[in-house]
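Undergrad: Here my numbering runs 5 ahead of the position in the sequence shown, where the first position is 1. Think of the CB as a built atom: it goes at the ideal place given N, C-alpha and C, for glycine as much as any other residue.
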Amino acid sequence: MTNLLNSFIQTNQPRIEKTLHDLIKDIIAPQQLKEAMLYSLQAGGKRIRPLYTLAVLEELNVKNEDAIIVASTIEMIHTYSLIHDDLPAMDNDDLRRGKPTNHKVFGEALAILAGDALITLAFGIIARLSNISPELKIALIDQLSFSAGAEGMVGGQVLDMLGEGQSLTLAKLEQVHVNKTGALLSYSILAGAIIANASEEKKTALEKYAFHIGLAFQIQDDILDVEGTSEQLGKTAGKDLISEKNTYPSILTMEGAKTELQNQYNQAFQALETVQMHKGLLVEFADYITKRSK
Numbered sequence: 006m007t008n009l010l011n012s013f014i015q016t017n018q019p020r021i022e023k024t025l026h027d028l029i030k031d032i033i034a035p036q037q038l039k040e041a042m043l044y045s046l047q048a049g050g051k052r053i054r055p056l057y058t059l060a061v062l063e064e065l066n067v068k069n070e071d072a073i074i075v076a077s078t079i080e081m082i083h084t085y086s087l088i089h090d091d092l093p094a095m096d097n098d099d100l101r102r103g104k105p106t107n108h109k110v111f112g113e114a115l116a117i118l119a120g121d122a123l124i125t126l127a128f129g130i131i132a133r134l135s136n137i138s139p140e141l142k143i144a145l146i147d148q149l150s151f152s153a154g155a156e157g158m159v160g161g162q163v164l165d166m167l168g169e170g171q172s173l174t175l176a177k178l179e180q181v182h183v184n185k186t187g188a189l190l191s192y193s194i195l196a197g198a199i200i201a202n203a204s205e206e207k208k209t210a211l212e213k214y215a216f217h218i219g220l221a222f223q224i225q226d227d228i229l230d231v232e233g234t235s236e237q238l239g240k241t242a243g244k245d246l247i248s249e250k251n252t253y254p255s256i257l258t259m260e261g262a263k264t265e266l267q268n269q270y271n272q273a274f275q276a277l278e279t280v281q282m283h284k285g286l287l288v289e290f291a292d293y294i295t296k297r298s299k
């Protein structure tokens, strides 16, 4: 990790953590529900998605007091998806970010409700922002509903479940991951562009970058599931193989998956080149994503 990216993360991660805590602590809700929400929100994590939103604004040289709040709501949506993903009816996992999963601590019913509460709260928080125009708030909510819902992350999760035990083509696998993992990651990047009211040219370039870096993120996840350990990853390693999931290594071989990872990185870089954004934080993040070890 370069000094530029390391400094950016060290500056903004604590701001994200504080914002997440503050967004939950003052809501009027049963204490046990708030504890379940905070348990998973504060379990750690790289905070890639909210950091990406802030990085886009940094690259576009735009400051907005509410950007940190928008960024944090993305982490709330991501956390809800992890809580539900770990449930017995889904991936049935006992470990997340090195800790017992939410349903192992609070029970299945409260875990489901904690996830429900996080996603619905996120939309309300965006609606009540005071430093973003009504038009841009609508654009944020509209894009988030698309990226997180049936046409994005939720739809991708369904495709992933239906694909278990079947042999998917590479095109079908890409469709799964563009939705399941890529959609919310893409939203993180597009949210920064929306808040900054970026030009259509830059939005288009960032959308292409987001598409390719989202795939790169998932390919590296697939590689790490094979090559990493549970201690290293903070979750159960080798779960994809046990669940007979289609992955890039299973379809392309490990060597082929690593080649495709580099291909997606190259295309993300080329998208940034078209708008002269290929020398800053977004490239540093692309390097980090494709070389991370957890």
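Ignore the nearest five residues each way along the sequence and tell me which others in F111's own chain have a CB closer than 8 angstroms to its CB.
TA: Counted from its first residue, the sequence shown places residue 111 at position 106. Only Q37, E40, A41, Y44, A119 meet the Cβ criterion.
Undergrad: Given a cut-off of 8 angstroms, decide if L126 and I2 are closer than it, judged by their beta-carbon atoms.
TA: Only positions 6 to 299 of the chain appear in the structure, and residue 2 is not among them; the question remains open.
Undergrad: Do you know whose CA, among E206, M81, L149, lies nearest L65's CA?
TA: The sequence position of residue 65 within the sequence shown is 60, counting from 1. Among E206, M81, L149, the Cα nearest to that of L65 is on E206.
Undergrad: Can you tell which of S191, T7, E70 has the C-alpha that lies nearest to the C-alpha of I21?
TA: Translated into the one-based positions of the sequence shown, residue 21 becomes position 16. Closest by alpha carbon: E70.
Undergrad: Can you name the start and end residues of the alpha helix (DSSP H) that R4 belongs to?
TA: What is shown of the chain runs 6 to 299, which leaves residue 4 out entirely.
Undergrad: Rounded to whole angstroms, what is the Cα-Cα separation between Q15 and G285?
TA: Numbered from 1 along the sequence shown, position 10 holds the residue referred to as residue 15. Numbered from 1 along the sequence shown, position 280 holds the residue referred to as residue 285. Taking the straight line joining both Cα atoms gives about 16 angstroms.
Undergrad: May I ask you to list the residues that DSSP assigns as paired with K104?
TA: Your numbering for residue 104 matches position 99 in the sequence shown. The partner list for K104 (beta bridge, DSSP) reads R101.
Undergrad: For L100 and A48, what's the separation of their Cα atoms in angstroms?
TA: Residue numbering aside, residue 100 sits at position 95 when the sequence shown is read from its first letter. Residue numbering aside, residue 48 sits at position 43 when the sequence shown is read from its first letter. Whole-angstrom Cα-Cα distance: 11 angstroms.
Undergrad: Would a C-beta distance cut-off of 8 angstroms place S77 and L10 closer than the cut-off?
TA: To locate residue 77, count along the sequence shown from 1; it is residue 72. To locate residue 10, count along the sequence shown from 1; it is residue 5. Cβ distance not < 8 angstroms, so S77 and L10 don't count as in contact.
Undergrad: State the Cα-Cα distance for the pair M259 and H89, rounded to the nearest angstrom.
TA: In the sequence shown, the residue the question calls residue 259 occupies position 254. In the sequence shown, the residue the question calls residue 89 occupies position 84. Cα to Cα, the separation comes out at about 29 angstroms.
Undergrad: Are L189 and I79 close, meaning C-beta to C-beta below 8 angstroms?
TA: Reading the sequence shown from its first residue, position 184 is the one you call residue 189. Reading the sequence shown from its first residue, position 74 is the one you call residue 79. Result yes, Cβ atoms of L189 and I79 sit closer than 8 angstroms.
Undergrad: Once you ignore the five residues that flank L164 on each side, which residues in its own chain have a CB closer than 6 angstroms to its CB?
TA: Here residue 164 refers to the residue found at position 159 when the sequence shown is read from its first residue. Excluding sequence neighbours, L164 sits near V181.
Undergrad: Buried or exposed for Q225, going by 16 or more other Cβ atoms inside 10 Å?
TA: Mapped onto the sequence shown, residue 225 falls at position 220. So Q225 counts as buried.
Undergrad: Between which residues of its own chain and L115 is the CB-CB distance below 6 angstroms, once the five residues before and five after are set aside?
TA: In the sequence shown, residue 115 corresponds to position 110, counting from 1. If we look at L115 and ignore the five residues flanking it on each side, its Cβ neighbours are A41.
Undergrad: Out of Q269, K109, I73, V288, which one is the CA nearest neighbour of K23?
TA: Counting from 1 along the sequence shown, the entry for residue 23 is found at position 18. Cα-wise, what sits closest to K23 is I73.
Undergrad: If you compare alpha carbons, which of K51, Q267, I199, I194 is closest to L287?
TA: Residue numbering aside, residue 287 sits at position 282 when the sequence shown is read from its first letter. Here the closest residue by C-alpha is I194.
Undergrad: Comparing C-alpha positions only, which one of L28, Y192, A273, L87 sits nearest to D147?
TA: In the sequence shown, the residue the question calls residue 147 occupies position 142. The shortest C-alpha separation from D147 is found at Y192.
Undergrad: Leaving aside the five residues before and after L178 along the sequence, list all residues of the same chain whose C-beta is less than 8 angstroms from its C-beta, in chain order.
TA: For the purposes of this step, residue 178 is identified with residue 173 of the sequence shown, where counting begins at 1. Correct list, in chain order: G168, N251, T252, Y253, I256.
Undergrad: Can you give the Cα-Cα distance for E265 and M282, rounded to whole angstroms?
TA: Taking the sequence shown and counting its residues from 1, one reaches residue 265 at position 260. Taking the sequence shown and counting its residues from 1, one reaches residue 282 at position 277. Whole-angstrom Cα-Cα distance: 23 angstroms.
Undergrad: Please look up how many angstroms separate the CB atoms of V183 and F216, rounded, as I've assumed it's under 8 angstroms.
TA: Reading the sequence shown from its first residue, position 178 is the one you call residue 183. Reading the sequence shown from its first residue, position 211 is the one you call residue 216. About 7 angstroms separates the two Cβ atoms, so the contact holds.
Undergrad: Taking P35 as the reference, which of G160, R54, K109, A122 has the closest Cα?
TA: Looking up residue 35 in the sequence shown gives position 30. Of the candidates G160, R54, K109, A122, the one whose C-alpha sits nearest the C-alpha of P35 is A122.
Undergrad: What residue from V231, L28, G219, E232 has the CA that sits closest to Y293's CA?
TA: The residue you call residue 293 lines up with position 288 of the sequence shown. Checked all of V231, L28, G219, E232; the closest Cα to Y293 is G219.
Undergrad: Work out the CA separation of T58 and A196 for me, nearest whole Å.
TA: Taking the first residue of the sequence shown as 1, we reach residue 196 at position 191. Taking the first residue of the sequence shown as 1, we reach residue 58 at position 53. Straight-line Cα distance between these residues: approximately 6 angstroms.
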